[in-house]
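Using the UniProt record's numbering, read the sequence shown as starting at 1 and increasing by one per residue. Using N, Cα and C, we set each Cβ at its ideal position, and we do this for glycine too. Heads up, the thing below is written out as structure tokens.
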Amino acid sequence: YLEELLNSINNQEKFNLDIEICISDNASNDGTEEMIDVWRNNYNFPIIYRRNSVNLGPDRNFLASVSLANGDYCWIFGSDDALAKDSLAILQTYLDSQADIYLCDRKETGCDLVEIRNPHRSWLRTDDELYVFNNNLDREIYLSRCLSIGGVFSYLSSLIVKKERWDAIDFDASYIGTSYPHVFIMMSVFNTPGCLLHYISKPLVICRGDNDSFEKKGKARRILIDFIAYLKLANDFYSKNISLKRAFENVLLKERPWLYTTLAMACYGNSDEKRDLSEFYAKLGCNKNMIN
């Protein structure tokens, strides 16, 4: 899929940005290393490439890719996604705001990137908006507008972040293995006084369906991944602010509503996974009669 992503970048038009592509190869054996010189000759952008001697795991690997970058901003991409037509030109029209974070929406397709399943998946219930987070009320208002955890940075390929802001964060290694280490960094930036977030209510990214790497251990485990990570984030960032913690947890409940999620778990989960889900909903304040 990586070549399809590179093609989608190479086919961008009407933009005037200096870009580089940074690839962190997680000790793959799929021929990526052999293709690098071919791609460097075929594409109109520089490619920075580093191959890990051992598989670092997905969490450490995409963090490593950001460390390779030299630009002012990093657009962090999963290798199986793609840029939509004219995405770089559209993004360029927003850069005058000099935001710390740009968050864009996505188009959802089948695995072939052709079948359109959702032409515009929105993360917030607003149009384009520039948010300034000077205090916790500003953050709470933003969280109230999130439609899913995509609004709080779950979807990697929707994120464009100022490199110096990313580098300034002291990473918490306890997030390795959660599948969401980038969210810790993004939430740390989000909570920085004066943080600017520019929401771009346009699907600049194409998300390849039927290819969720988080489902490798099954659909039930995929559900639990969100709860484990986002409850940890809620506690780590907002344990001393009950109102903000509740607002953040409500975003998780929008992503994983009780009825739909428990029905899915009834189909796919074992007894331990069902118990874990019940405990998570209890932590979120759901009525015991609902979760038993």
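Leaving aside the five residues before and after A64 along the sequence, list all residues of the same chain whose C-beta is less than 8 Å from its C-beta, in chain order.
In the sequence shown, counting from the first residue as 1, residue 64 sits at position 64. Contacts found: S24, R50, N52, L56.
Runs of alpha helix (DSSP H) wholly within the UniProt domain "Glycosyltransferase 2-like" (1-131) (minimum 4 residues, chain order):
2-10, 32-42, 58-67, 87-92
With V152 and L196 assumed to form a contact (beta carbons below 8 Å), what rounded beta-carbon distance in angstroms separates them?
Taking the sequence shown and counting its residues from 1, the one referred to as residue 152 is at position 152. Taking the sequence shown and counting its residues from 1, the one referred to as residue 196 is at position 196. So it is not a contact: roughly 16 Å between Cβ atoms.
Is DSSP giving K267 helix, strand or coil here?
Taking the sequence shown and counting its residues from 1, one reaches residue 267 at position 267. The amino acid at residue 267 is misidentified as Lys; the sequence shows Cys. The answer is helix: DSSP assigns C267 an H, G or I state.
Could you pull out every residue in the same chain whose Cβ sits closer than 7 Å to the Cβ of G218, ignoring the five residues on either side in sequence?
What you label residue 218 is simply residue 218 of the sequence shown in a count that begins at 1. Here the set comprises Y268.
Determine, using beta carbons only, whether Y230 and L124 come nearer to each other than 8 Å.
Here residue 230 corresponds to residue number 230 of the sequence shown, with the count starting at 1. Here residue 124 corresponds to residue number 124 of the sequence shown, with the count starting at 1. Taking 8 Å as the Cβ cut-off, Y230 and L124 do not qualify as a contacting pair.
F133 (DSSP reduced to helix, strand or coil):
As a working note, residue 133 is residue 133 in the sequence shown. Here F133 sits in strand by DSSP.
Per-residue burial, V189 [other beta carbons within 10 Å of its own, 16 or more giving buried]:
In the sequence shown, the residue the question calls residue 189 occupies position 189. It is buried - the Cβ of V189 has at least 16 other Cβ atoms within 10 Å.
Measure the CB-CB distance between E279 and A220 and report whether it falls below 8 Å.
In the sequence shown, the residue the question calls residue 279 occupies position 279. In the sequence shown, the residue the question calls residue 220 occupies position 220. No, they are not a contact pair.
Rounding to the nearest angstrom, what Cα-Cα distance links R275 and R222 in this structure?
What you label residue 275 is simply residue 275 of the sequence shown in a count that begins at 1. What you label residue 222 is simply residue 222 of the sequence shown in a count that begins at 1. Their Cα atoms are separated by approximately 15 Å.
CB contact flag (L159, L233, <8 Å)
Against the sequence shown, residue 159 aligns to sequence position 159. Against the sequence shown, residue 233 aligns to sequence position 233. No, these two residues do not count as a Cβ contact at 8 Å.
Classify E255 as buried or exposed, calling it buried when 16 or more other Cβ atoms lie within 10 Å of its own Cβ.
Here the question's residue 255 lines up with position 255 in the sequence shown. Burial call: buried.
Less than 8 Å separating the beta-carbons of D167 and F184?
Within the sequence shown, residue 167 is the residue found at index 167, counting from 1. Within the sequence shown, residue 184 is the residue found at index 184, counting from 1. No; because the gap between Cβ atoms is not below 8 Å, this pair is not in contact.
So, with DSSP's three-state summary, where would you put I185?
Here residue 185 refers to the residue found at position 185 of the sequence shown. Here I185 carries a helix assignment [DSSP, helix/strand/coil].
Helix, strand or coil at R208 according to DSSP, with G and I counted as helix
As a working note, residue 208 is residue 208 in the sequence shown. In this structure, R208 counts as strand in the three-state DSSP scheme.
Contact check, A84 vs P203, beta carbons under 8 Å:
Along the sequence shown, one-based indexing puts residue 84 at 84. Along the sequence shown, one-based indexing puts residue 203 at 203. Yes, the pair counts as a contact, with Cβ atoms nearer than the cut-off.
Cβ neighbours of Q92 in the same chain (closer than 8 Å, five flanking residues each side left out):
Position 92 of the sequence shown, counted from the first residue, corresponds to residue 92. Only F15, N16, L17 meet the Cβ criterion.
Alpha carbon to alpha carbon, how far is D37 from I141?
Within the sequence shown, the letter at position 37 stands for residue 37. Within the sequence shown, the letter at position 141 stands for residue 141. So the two alpha carbons sit approximately 48 Å from each other.
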